[in-house]
DNA sequence: CGATAGCTTGAGTCTTATCAACGTATGTGG
DNA sequence: CCACATACGTTGATAAGACTCAAGCTATCG
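Structure, rendered in structure tokens:
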């Protein structure tokens, strides 16, 4: 079920997505290959570990998490994906999805068939370069996360996580000091490699020290400087 | 100083590198843009954090490490690079190298000027696709490392590290059970997010339990199955 | 041969995980 | 609409794994 009114040309987040470096005519071409389907309900799955790779996906609205599942059954969350972000890139090499992507809330997705995208890339230097930049960025983000997990204490990790979310919301024109955690605390714990109990205690401590307030899942950052400092200033996660 | 006798066409590791999907004539074109300079001595630096991005690099022989440096000065090793691997991909987005690459032993490097590569990619679908696969693979590798650091104990991490090295040597036609650690133990510790002392103790334990022997930097894996099991079988690091 | 960097081993400590119990949402069926 | 079931989150007590500090040992290289 296509939704004709939405096009890359008038999409609010096209400057975070693939069209960044493209001329109007080029965006038109890109738009031509995009498949838009009805929104994904909370909890439903975009692709699963082992699925054949056909396309990469752009998040248009909502939020997804992606995670792998180890042989002993426990899951490792790899990332949370906000509007404008491209997912499925880790499947290009093996042509099979190595991770599962699940909607954390109702989300709309643009499907970009990979073969079509590759053909377009041949003739559109801007698209080719933006693709490369997005992949490069993802490599860098993963490496920064690596650093976070390897070298930072539990407090610092959580602070960095919140600062990172804050920055990403800001980039999307939303408040940077006041947002809703769409993921469960247990997801945060999993992502940051900690026990749920530890996350719970750390949130309590952040509240106690007046860095943030938290009501249900609504987070307010009161002391952005303090929190950034705790996170390690230059850590963009 | 160009070394004329080495060409992509006759390079022993071209099937691990960029030429994988290319026809002979295409490899010729690729070879045309490659810059080969004299070997990098042990300890010398290929690029530094902050350097302007001009090219990506293929390791032809030797071994390099790449690492970032945090504001408080401590370094975080991101990876060790063996022949056939492409490095510098994390700089494409920002056009500045976010990490430093240093030779751990005498190493030869092929420089691939990025603009030239991009132009070639326009006309060579195979090259374009191989580039994407290599980046995709790197994303995946980083994510697997993430999992390792987040969910595995110290023993498991070290075992996984050794199994990973072993597999990579095997892929290059070298023995998978008998190799020299080119990096210092402190580098391994840094990479895996542990203290040097811990790494030292873990090596002792692996030897004691007859998984490996180690003489200077020469490692022999005696019980590959046992070590793999300890590492978590399906963990390719 | 001596200086230095790298590595090993031991003792004590700290951070974070685990276990357990309890509190708080959320949602379903009567 | 309430009561219950279930999932999610909090808090406390205890334990384990890995870090730090300290001392000594072993390569390596000029």
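Chains as they are written, first to last, in the numbering used here: chain A, 1 to 237; chain B, 238 to 474.
Ideal Cβ positions, reconstructed from N, Cα and C, are used throughout, including at glycine.
With H, G and I counted as helix, E and B as strand and the rest as coil, what does DSSP make of residue i?
i	result
residue 98 of chain A	coil
residue 409 of chain B	coil
residue 197 of chain A	helix
residue 243 of chain B	coil
residue 320 of chain B	coil
residue 426 of chain B	helix
residue 219 of chain A	strand
residue 302 of chain B	strand
residue 344 of chain B	strand
residue 180 of chain A	strand
residue 329 of chain B	coil
residue 202 of chain A	helix
residue 112 of chain A	strand
residue 208 of chain A	helix
residue 13 of chain A	coil
residue 482 of chain B	Because chain B is modelled from 238 through 474, residue 482 of chain B falls outside the range shown and cannot be assessed.
residue 472 of chain B	Low per-residue confidence applies at residue 472 of chain B: pLDDT is 34, beneath 50, and the placement is therefore not dependable enough to give any value.
residue 265 of chain B	helix
Quick one: residues in its chain with C-beta nearer than 8 Å to the C-beta of residue i, no 5 flanking neighbours on either side, listed in chain order?
i	result
residue 29 of chain A	120, 124
residue 45 of chain A	100, 101, 102, 103
residue 131 of chain A	18, 117, 121
residue 68 of chain A	49, 75, 76, 78, 98, 99, 100
residue 176 of chain A	166, 167, 169, 170, 221, 224
residue 487 of chain B	With chain B covering 238 to 474 only, the question about residue 487 of chain B has no answer from this structure.
Report the residue from the options whose alpha carbon sits nearest the alpha carbon of residue i.
i	options	result
residue 440 of chain B	B/398, B/301, B/404, B/325	B/398
residue 226 of chain A	A/89, A/217, A/207	A/207
residue 32 of chain A	A/184, A/111, A/163	A/111
residue 400 of chain B	B/382, B/388, B/387	B/382
residue 58 of chain A	A/72, A/134, A/26, A/73	A/134
residue 180 of chain A	A/216, A/173, A/149	A/216
residue 72 of chain A	B/275, B/389, B/320, B/246	B/389
residue 465 of chain B	B/261, B/396, B/242	B/396
residue 37 of chain A	A/90, A/107, A/85, A/16	A/107
residue 157 of chain A	A/189, A/172, A/139	A/189
residue 211 of chain A	A/196, A/218, A/230	A/230
residue 379 of chain B	B/410, B/327, B/297	B/327
residue 83 of chain A	A/92, A/109, A/5	A/109
residue 150 of chain A	B/455, B/428, B/411, B/373	B/428
residue 300 of chain B	B/307, B/244, B/318, B/284	B/318
residue 172 of chain A	A/213, A/147, A/14	A/14
Short of 6 Å in beta carbon distance, which residues of its chain neighbour residue i, apart from the five on each side in sequence? Order them along the chain.
i	result
residue 288 of chain B	334
residue 55 of chain A	111, 112, 113, 114
residue 126 of chain A	21, 22
residue 234 of chain A	Because residue 234 of chain A sits at a pLDDT of 41, beneath the cut-off of 50, its placement in the model cannot be relied upon, and the point is left open.
residue 9 of chain A	27
Short of 7 Å in beta carbon distance, which residues of its chain neighbour residue i, apart from the five on each side in sequence? Order them along the chain.
i	result
residue 154 of chain A	194, 198, 202
residue 187 of chain A	65, 77
Is the beta carbon of residue i within less than 7 Å of some heavy atom of the ligand COA?
i	result
residue 70 of chain A	Ligands are entirely absent from the displayed structure, and the ligand COA is therefore not among its contents.
**Request:** Check each residue of the segment 342-375 of chain B: if its Cβ is closer than 7 Å to any Cβ of chain A, include it; give the result in chain order.
**Result:** 355, 358, 359, 362, 365, 366, 369, 370, 372, 373, 374, 375
**Selection of the segment 74-97 of chain A by Cβ proximity to chain B, strictly under 8 Å** = 74, 76, 78, 89, 90, 91, 92, 93, 94
**Asked** Where in the segment 268-298 of chain B do unbroken runs of the beta strand (DSSP E), each at least 3 residues long, occur, reported from the N-terminal end onward?
**Response** 282-284, 292-298
**Request:** Would you list, in chain order, the members of the segment 142-155 of chain A that have their beta-carbon closer than 7 Å to a beta-carbon of chain B?
**Result:** 142, 143, 145, 146, 147, 149, 150, 151
**Asked** Looking at chain B, which residues of the segment 23-48 of chain A have a Cβ within less than 9 Å of any of its Cβ atoms?
**Response** none
**Request:** Please list the residues of the segment 434-451 of chain B that have a C-beta atom closer than 8 Å to any C-beta atom in chain A, keeping them in chain order.
**Result:** none
**Request:** With 9 Å as the C-beta to C-beta threshold (strictly closer), list the residues of the segment 162-189 of chain A near chain B in chain order.
**Result:** none
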